[in-house]
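Engineer: Here UniProt numbering is used: position 144 in the sequence shown is 144, and no number is missing along the way.
Note that CB positions come from ideal geometry on N, CA and C, so glycine has one too.
Mind having a look at this structure? Questions to follow.
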Amino acid sequence: MTPKTVTIGPKKLIGFSVEMSLLENKTQTIWQLFMPRLKEIKNAVSADLFSLQIYPENYFTHFTPDTIFTKWAAVEVKNFENCPEGFEKLEISGGTYAVFLHKGNTEMFAKTAQYIYSDWLPKSGFKLDNQPHFEVLGDNYLGHENPESEEEIWIPIK
(Lines of atoms letter the chains of each structure in order from A and count residues from 1; the text may use other names and numbers.)
(Lines give C-alpha, C1' and ligand atoms only; values in the text may rest on other atoms or scores of the structure.)
Protein backbone atom coordinates (compact mmCIF):
# COMPACT_ATOMS: atom_id res chain seq x y z
CA MET A 1 0.00 0.00 0.00
CA THR A 2 1.82 3.06 -1.28
CA PRO A 3 0.37 6.47 -0.51
CA LYS A 4 0.40 9.54 -2.68
CA THR A 5 1.81 12.72 -1.12
CA VAL A 6 -0.49 15.75 -1.42
CA THR A 7 -0.12 19.32 -0.19
CA ILE A 8 -3.42 21.08 0.47
CA GLY A 9 -4.37 24.62 1.35
CA PRO A 10 -6.74 25.68 4.12
CA LYS A 11 -10.18 24.07 4.28
CA LYS A 12 -13.39 25.25 5.89
CA LEU A 13 -15.58 22.50 7.32
CA ILE A 14 -18.91 22.48 9.10
CA GLY A 15 -20.40 19.61 11.01
CA PHE A 16 -20.49 18.23 14.50
CA SER A 17 -17.75 17.15 16.89
CA VAL A 18 -17.50 15.04 20.01
CA GLU A 19 -14.73 14.20 22.43
CA MET A 20 -14.11 10.47 22.61
CA SER A 21 -11.51 7.75 23.02
CA LEU A 22 -11.10 4.44 21.22
CA LEU A 23 -12.56 2.74 24.30
CA GLU A 24 -15.57 5.07 24.29
CA ASN A 25 -16.00 5.27 20.53
CA LYS A 26 -18.77 7.74 19.64
CA THR A 27 -18.22 7.70 15.87
CA GLN A 28 -21.63 6.21 15.11
CA THR A 29 -23.34 8.72 17.41
CA ILE A 30 -21.77 11.76 15.71
CA TRP A 31 -22.68 10.48 12.23
CA GLN A 32 -26.26 9.74 13.33
CA LEU A 33 -26.50 13.38 14.42
CA PHE A 34 -24.88 14.75 11.24
CA MET A 35 -26.41 12.77 8.36
CA PRO A 36 -30.09 13.69 8.88
CA ARG A 37 -29.10 17.39 8.73
CA LEU A 38 -26.67 17.17 5.80
CA LYS A 39 -29.24 18.54 3.34
CA GLU A 40 -29.33 21.82 5.31
CA ILE A 41 -25.81 22.64 4.09
CA LYS A 42 -26.21 24.63 0.88
CA ASN A 43 -22.64 25.68 0.05
CA ALA A 44 -20.72 22.39 0.16
CA VAL A 45 -17.65 22.18 -2.06
CA SER A 46 -18.54 18.58 -3.02
CA ALA A 47 -20.58 15.61 -1.84
CA ASP A 48 -17.50 14.19 -0.05
CA LEU A 49 -17.88 13.65 3.69
CA PHE A 50 -15.04 14.13 6.18
CA SER A 51 -14.49 11.90 9.19
CA LEU A 52 -11.86 13.95 10.99
CA GLN A 53 -9.78 13.46 14.13
CA ILE A 54 -7.93 16.13 16.10
CA TYR A 55 -5.43 14.42 18.36
CA PRO A 56 -3.56 15.98 21.30
CA GLU A 57 0.08 16.68 20.47
CA ASN A 58 1.45 13.64 22.36
CA TYR A 59 -1.37 11.25 21.36
CA PHE A 60 0.79 8.85 19.35
CA THR A 61 3.86 8.91 21.59
CA HIS A 62 1.85 8.23 24.77
CA PHE A 63 -1.01 6.28 23.20
CA THR A 64 -3.55 4.44 25.31
CA PRO A 65 -7.00 3.32 24.13
CA ASP A 66 -8.61 5.71 26.64
CA THR A 67 -6.76 8.85 25.47
CA ILE A 68 -9.28 11.54 24.53
CA PHE A 69 -9.35 13.16 21.08
CA THR A 70 -11.93 15.12 19.08
CA LYS A 71 -13.92 13.40 16.32
CA TRP A 72 -15.76 15.31 13.59
CA ALA A 73 -18.41 14.41 11.04
CA ALA A 74 -18.25 17.23 8.51
CA VAL A 75 -18.40 18.51 4.97
CA GLU A 76 -16.15 21.07 3.28
CA VAL A 77 -17.83 24.38 2.49
CA LYS A 78 -16.91 27.37 0.32
CA ASN A 79 -17.35 29.74 3.27
CA PHE A 80 -19.03 29.95 6.66
CA GLU A 81 -21.90 32.13 5.44
CA ASN A 82 -25.38 30.69 6.03
CA CYS A 83 -24.08 28.02 8.40
CA PRO A 84 -27.17 26.14 9.62
CA GLU A 85 -28.06 26.66 13.26
CA GLY A 86 -26.31 24.30 15.65
CA PHE A 87 -23.50 23.34 13.27
CA GLU A 88 -19.90 23.84 14.36
CA LYS A 89 -17.23 25.46 12.19
CA LEU A 90 -13.68 24.19 11.75
CA GLU A 91 -10.89 25.65 9.66
CA ILE A 92 -7.85 23.51 9.03
CA SER A 93 -4.67 25.22 7.89
CA GLY A 94 -3.65 22.65 5.29
CA GLY A 95 -0.27 21.04 4.89
CA THR A 96 1.32 17.91 3.47
CA TYR A 97 -0.50 14.58 3.74
CA ALA A 98 0.16 10.96 2.89
CA VAL A 99 -3.06 9.75 1.27
CA PHE A 100 -3.87 6.04 1.41
CA LEU A 101 -6.74 4.35 -0.40
CA HIS A 102 -8.49 1.96 1.99
CA LYS A 103 -10.88 -0.68 0.71
CA GLY A 104 -12.92 -2.73 3.14
CA ASN A 105 -15.08 -2.67 6.24
CA THR A 106 -14.38 -1.39 9.75
CA GLU A 107 -12.41 -4.49 10.75
CA MET A 108 -10.16 -4.07 7.71
CA PHE A 109 -9.79 -0.34 8.52
CA ALA A 110 -8.14 -1.21 11.84
CA LYS A 111 -5.60 -3.35 9.97
CA THR A 112 -4.92 -0.56 7.47
CA ALA A 113 -4.37 1.95 10.29
CA GLN A 114 -2.06 -0.50 12.05
CA TYR A 115 0.00 -0.82 8.86
CA ILE A 116 0.17 2.97 8.32
CA TYR A 117 1.31 3.86 11.84
CA SER A 118 3.39 0.78 12.73
CA ASP A 119 4.98 -0.15 9.41
CA TRP A 120 4.76 2.55 6.72
CA LEU A 121 5.35 5.66 8.86
CA PRO A 122 8.52 4.46 10.68
CA LYS A 123 10.06 3.40 7.34
CA SER A 124 8.89 6.41 5.32
CA GLY A 125 11.33 9.08 6.45
CA PHE A 126 8.37 11.26 7.47
CA LYS A 127 7.11 12.23 10.91
CA LEU A 128 3.53 12.99 11.88
CA ASP A 129 2.62 16.65 11.66
CA ASN A 130 0.39 18.11 14.37
CA GLN A 131 -2.58 18.64 12.02
CA PRO A 132 -5.97 16.95 11.81
CA HIS A 133 -6.11 13.41 10.45
CA PHE A 134 -9.11 12.64 8.28
CA GLU A 135 -10.86 10.22 6.01
CA VAL A 136 -12.64 11.37 2.86
CA LEU A 137 -15.79 9.39 2.19
CA GLY A 138 -16.49 9.90 -1.50
CA ASP A 139 -18.56 8.25 -4.21
CA ASN A 140 -17.04 4.80 -3.57
CA TYR A 141 -17.81 4.83 0.15
CA LEU A 142 -20.52 2.21 0.61
CA GLY A 143 -20.80 2.14 4.39
CA HIS A 144 -18.59 0.97 7.24
CA GLU A 145 -19.67 -2.67 7.05
CA ASN A 146 -19.36 -3.15 3.27
CA PRO A 147 -16.16 -5.02 2.27
CA GLU A 148 -16.21 -3.21 -1.12
CA SER A 149 -16.32 0.26 0.45
CA GLU A 150 -13.47 2.68 -0.35
CA GLU A 151 -12.25 5.78 1.44
CA GLU A 152 -9.13 7.91 1.47
CA ILE A 153 -7.09 8.10 4.67
CA TRP A 154 -5.22 11.42 5.01
CA ILE A 155 -2.28 11.39 7.43
CA PRO A 156 -0.48 14.72 8.09
CA ILE A 157 3.27 14.43 7.56
CA LYS A 158 6.41 16.55 7.61
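Report the three-state DSSP secondary structure of Asp119 (helix, strand or coil).
Structural biologist: DSSP places Asp119 in helix when its eight states are reduced to three.
Engineer: Phe80: which of Ile8, Lys42, Lys123, Gln53 sits nearest, CA to CA?
Structural biologist: For Phe80, the nearest C-alpha among the options comes from Lys42.
Engineer: Does the Cβ of Phe63 have 16 or more other Cβ atoms within 10 Å, making it buried, or fewer, making it exposed?
Structural biologist: Burial call: exposed.
Engineer: What's the C-alpha gap between Asn130 and Lys89?
Structural biologist: So the two alpha carbons sit approximately 19 angstroms from each other.
Engineer: Going straight from the alpha carbon of Ile8 to that of Lys39, what length do you get?
Structural biologist: Using only the alpha carbons, I get a separation of about 26 angstroms.
Engineer: If you compare alpha carbons, which of Val75, Lys78, Ile54, Ala74 is closest to Thr67?
Structural biologist: Closest by alpha carbon: Ile54.
Engineer: Is the beta carbon of Pro3 closer than 8 angstroms to that of Phe109?
Structural biologist: No, they are not a contact pair.
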